[in-house]
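Colleague:
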Amino acid sequence: MNNNLITAVILTSSLIFSNTTYADENAQPIKHWSIGGGTYALIIDHEELGDDDFTGFTLSSTYAVSDSFSINGQYYSLEHNDFSYLDVSGVDISAYYGTGLASKGFKAYVGAGVYSETLDLEGMEEDFSGVQLRGGFGYNWEAISLDLSVGIRSTGDYEDLADDGADMSAVSSALVLAFRF
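Heads up, the sequence shown is in our numbering, so the first residue is 324 and it goes up one at a time.
Quick look at the structure:
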């Protein structure tokens, strides 16, 4: 009976230590920061007047607190696709919950945040701000990451400027290539 107990303890210990060793061999280094740039698009849809489409560049910075939580900030500068004298520049900040945010491999996330931007029309400026829901997916390689994110924005400030009672919607998207460290 004593031999059976000793054998059981040895087998259990070897299984525990082998799992621990196996887990350490597969552990990936976590890279918390990514900084990069890419393209940014904003579509503001007025139910009666149609779409205003803006495109341009973005500079992005992300800090992954863990593999499932990160904070992202973006600066963007955009030009209207049809009227080059209309420019928009601003920032958006979002907190994301997802999977694979800090480790190598596929990642997907959803979150919420805020935006603040300025519309410049040949010297006249109008400020807009609000909340947004964002989500996206991407892939982390060892040194770089690629992300595509889409956001749905609150439109209260846009509607105040239009001042015609029409419904509006606003959607933004970003495609970002970033360095991870």
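Note that the Cβ used here is the ideal one computed from N, Cα and C, for glycine as well.
My output table needs one value for A485: the three-state DSSP class, helix, strand or coil.
Modeller: Helix at A485.
Colleague: Would you tell me roughly how many angstroms separate the C-alpha atoms of G428 and A501, rounded to the nearest one?
Modeller: So the alpha carbons of these two residues sit roughly 14 angstroms apart.
Colleague: Is S407 helix, strand or coil by DSSP?
Modeller: Of the three classes helix, strand and coil, the one that applies to S407 here is coil, per DSSP.
Colleague: Quick test of the definition: if touching needs 3 or more C-beta pairs under 8 angstroms, does the segment 375-382 touch the segment 416-431?
Modeller: The segment 375-382, when compared against the segment 416-431, does not touch it at the 8 angstroms Cβ threshold.
Colleague: May I ask you to report which of helix, strand or coil DSSP gives H446?
Modeller: Note on identity: in this sequence residue 446 is Gly, with His being the wrong assignment. Three-state result, G446: coil.
Colleague: Excluding the 5 residues preceding and the 5 following S496 in the sequence, name in chain order all residues of the same chain whose CB lies nearer than 6 angstroms to its CB.
Modeller: The residues are A364 and V473.
Colleague: DSSP has H355 in a bridge; who is on the other side?
Modeller: DSSP, once it has assigned bridges, lists no residue as partnering H355.
Colleague: Would the beta-carbon of A489 fall within 8 angstroms of that of E371?
Modeller: Yes, the pair counts as a contact, with Cβ atoms nearer than the cut-off.
Colleague: Are the beta-carbon atoms belonging to D390 and A431 less than 8 angstroms from one another?
Modeller: Going by C-beta atoms, D390 is not nearer than 8 angstroms to A431.
Colleague: By Cβ distance below 8 angstroms, which residues in the same chain neighbour T344 in space, the five residues on each side in sequence not counted?
Modeller: Since pLDDT at T344 reaches only 45, below the 50 mark, its modelled position is unreliable, and the value read off the structure follows with that caveat. There are no such residues.
Colleague: Can the beta-carbon of S452 be found less than 8 angstroms from the beta-carbon of D480?
Modeller: The answer is yes: Cβ separation under 8 angstroms.
Colleague: Bridge partners of T385, per DSSP?
Modeller: The partner list for T385 (beta bridge, DSSP) reads S357 and N395.
Colleague: So T422 packs on Y398, CB below 8 angstroms; how close in whole Å?
Modeller: No, T422 and Y398 are not in contact; Cβ-Cβ is about 27 angstroms, not under 8 angstroms.
Colleague: Should S472 be counted as a contact of the ligand GTP given a C-beta to heavy atom distance under 7 angstroms?
Modeller: Although the ligand GTP was asked about, the structure shown includes no ligands whatsoever.
Colleague: Please state if the CB of A485 and the CB of I366 are separated by a distance shorter than 8 angstroms.
Modeller: Not in contact: I366 and A485 (Cβ atoms no closer than 8 angstroms).
Colleague: Is the beta carbon of D470 closer than 8 angstroms to that of G458?
Modeller: No, the Cβ-Cβ distance between G458 and D470 is not below 8 angstroms.
Colleague: Considering only C-alpha positions, which residue in the set F406, S412, G434 and G361 is nearest to L498?
Modeller: Considering only alpha carbons, the answer is G361.
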